[in-house]
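In the numbering used here, the protein residues as written are 102 to 551.
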Amino acid sequence: MTKFSDLGLNPLLMRAIAEEGYETPTPIQAQAIPLLLEDKDLLGIAQTGTGKTAAFALPTLDFMLEYPQKRRARSARVLVLAPTRELAGQIAESFRTYSRHMDCNVQTVFGGVNIKTQRRALQGGADVLVATPGRLLDLVGQKAVSLKEVEVLILDEADQMLDMGFIHDLKKIVAQVPKDRQTLLFSATMPKLISDLAQQFLDKPERVSVTPQSTTAERVDQGIYHVSNNDKLDLLFDVLNNPEIDRALVFTRTKHGADKVVRKLLAKGLDAKAIHGNKSQPQRQKALDAFKNGNCKVLVATDIAARGIDIDGISHVVNFEVPNVSEQYVHRIGRTARAGRTGLAMSFVAEDERYYLRDIEKTIGMQIDVLKAPADSKVDLLPTPDPNERLFKPKGPARGTGGGGRTGQRRPQGGSRPQGKPKAHGAGNGGKQGGRSRGGKKRNLEGARG
């Protein structure tokens, strides 16, 4: 079995890893880190909770130690893009944790906070900049930060960024980053849009894939309640009012729906908090902290707000409304059953959601068991429908979809990266001079990448 000590990481990073109590890398770490240390571009298919943040953070920090460079004003060497402020904050915190024994300035920029504060923070430059696409483009437009010095570009949760409509923003950002760079793209799923994006942004990438969707589905105990929309709130309280539930994450379709669920639960005496896009950053962080610390038993979230949140100890996931994109269902239930543990995912299925349930069951390759109402519940569940019932897809735009737009120019395929004048790196801390040269490649600004 591979150990972190076998991967050849810098001793300063190994010291931080040991302090965190890590000895054995997760599958994606064991696969990705050696490739990234060789300067490879990477396409990683992995869900939240697989250890992918460390898989890209550790080799990136190793590169910075091996090739130190003086920090430049309003610039960054490493750029990490994330779909939500919560995920951006968690990624930044991971970089700070692993770089605690080195000189590494990590900055985070996202919406919902004062942009002037972020502009001031970027004046001295950053080694690692973690950003959401919209706020980053705002800062670039204000000339608060330049992307011309970026050497490593990391796109995390790329499928969610496309779902949120960030495709144009991503293309604008990538157009401003040097072509001679290392690019990493991580996604929980691999739809055609992601495959197309990888061809545009990556140069002959290595591909690693861990935790297929079916694996998550098999590890989570799943059940459904057939219930009318009018009875869902009462059933939710009856289900959650169970002392065996340690920590429950409830998914709603809309921000308004999340607030409505919280008000109902609070009125019945069950502590619950909501996170969604209309909440301020301090409000969202306060709710997350209360949930993590066990001071709040129930967290109600929209899919976008919850994406990337990595919280241990979630015993139950409740789909208050069934997602109409089957991959989103897999994302949701993957919030429980972390680190080899089992978990329980329950879905409330109304009559107009049966079509989506059937699609989900096809995706996960199994029929989900029908549950009975809790013993003390007064809710009358709907009868179990005929499995051979002919169902029709509801009219209207698909929930949870987005993105699209013009297709960017693809780089010419084949051939190696052109060689040119190596990008100069400063000396210091025993670092090497000249361009980065792992696996025979060198970074340069004058060679065109495509």
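Note that CB positions come from ideal geometry on N, CA and C, so glycine has one too. Values in this document were obtained by computation on a predicted structure and should not be read as measured data.
Top-ranked residue by Cα proximity to residue i, from the options
i: residue 261; options: 289, 482, 206; result: 289
i: residue 257; options: 151, 431, 482; result: 151
i: residue 154; options: 458, 341, 287; result: 287
i: residue 255; options: 186, 156, 168, 169; result: 156
i: residue 421; options: 338, 116, 465, 120; result: 338
i: residue 376; options: 359, 370, 364, 365; result: 359
i: residue 483; options: 306, 213, 366, 473; result: 473
i: residue 211; options: 382, 139, 352, 280; result: 382
i: residue 419; options: 461, 332, 437; result: 437
i: residue 414; options: 333, 393, 301, 120; result: 393
i: residue 489; options: 468, 478, 480, 479; result: 468
i: residue 183; options: 270, 369, 361, 342; result: 270
i: residue 380; options: 402, 342, 218, 174; result: 402
i: residue 140; options: 165, 362, 226, 121; result: 165
i: residue 328; options: 106, 455, 265; result: 455
i: residue 172; options: 198, 138, 374, 208; result: 208
i: residue 361; options: 342, 331, 387; result: 331
i: residue 369; options: 342, 175, 387; result: 342
i: residue 180; options: 238, 458, 294, 407; result: 238
i: residue 352; options: 448, 149, 106, 387; result: 448
i: residue 175; options: 123, 222, 412, 465; result: 222
i: residue 320; options: 127, 214, 391, 465; result: 465
i: residue 429; options: 149, 170, 412; result: 149
For residue j and residue i, believed in contact at Cβ under 8 Å, the rounded distance
i: residue 189; j: residue 232; result: 7 Å
i: residue 326; j: residue 450; result: 7 Å
i: residue 284; j: residue 303; result: 5 Å
i: residue 234; j: residue 267; result: 5 Å
i: residue 346; j: residue 398; result: 7 Å
i: residue 299; j: residue 306; result: 6 Å
i: residue 389; j: residue 167; result: With 8 Å as the limit, residue 389 and residue 167 do not qualify as a contact, their Cβ atoms being about 35 Å apart.
i: residue 470; j: residue 324; result: 5 Å
Beta-carbon gap between residue i and residue j smaller than 9 Å
i: residue 111; j: residue 163; result: yes
i: residue 378; j: residue 348; result: no
i: residue 129; j: residue 158; result: no
i: residue 253; j: residue 178; result: yes
i: residue 322; j: residue 443; result: yes
i: residue 400; j: residue 336; result: no
i: residue 220; j: residue 245; result: yes
i: residue 144; j: residue 308; result: yes
i: residue 424; j: residue 453; result: no
i: residue 147; j: residue 310; result: yes
i: residue 216; j: residue 240; result: yes
i: residue 203; j: residue 108; result: no
i: residue 301; j: residue 272; result: yes
i: residue 229; j: residue 248; result: no
i: residue 340; j: residue 478; result: yes
i: residue 160; j: residue 119; result: no
i: residue 445; j: residue 416; result: yes
i: residue 427; j: residue 405; result: no
i: residue 121; j: residue 218; result: no
Exposed unless 16 or more other CB atoms sit within 10 angstroms - verdict on residue i
i: residue 357; result: exposed
i: residue 224; result: exposed
i: residue 242; result: exposed
i: residue 250; result: buried
i: residue 476; result: exposed
i: residue 236; result: buried
i: residue 529; result: Unreliable positioning characterises residue 529 in this predicted model, as indicated by a pLDDT of 35, which lies under 50. A coordinate reading is not provided.
i: residue 116; result: exposed
i: residue 125; result: exposed
i: residue 276; result: exposed
i: residue 364; result: exposed
i: residue 344; result: exposed
i: residue 481; result: exposed
i: residue 463; result: exposed
i: residue 491; result: exposed
i: residue 531; result: Any reading at residue 531 must be qualified, since the residue scores a pLDDT of 37, below 50, and its modelled position is unreliable; no value is offered.
i: residue 227; result: buried
i: residue 315; result: For residue 315, the pLDDT reaches just 45, beneath the cut-off of 50, and the residue's location in the model is therefore unreliable, leaving the point undetermined.
i: residue 104; result: exposed
i: residue 106; result: exposed
i: residue 137; result: buried
i: residue 502; result: Unreliable positioning characterises residue 502 in this predicted model, as indicated by a pLDDT of 34, which lies under 50. The coordinate reading is nonetheless provided below. By the 10 Å Cβ count, residue 502 comes out exposed.
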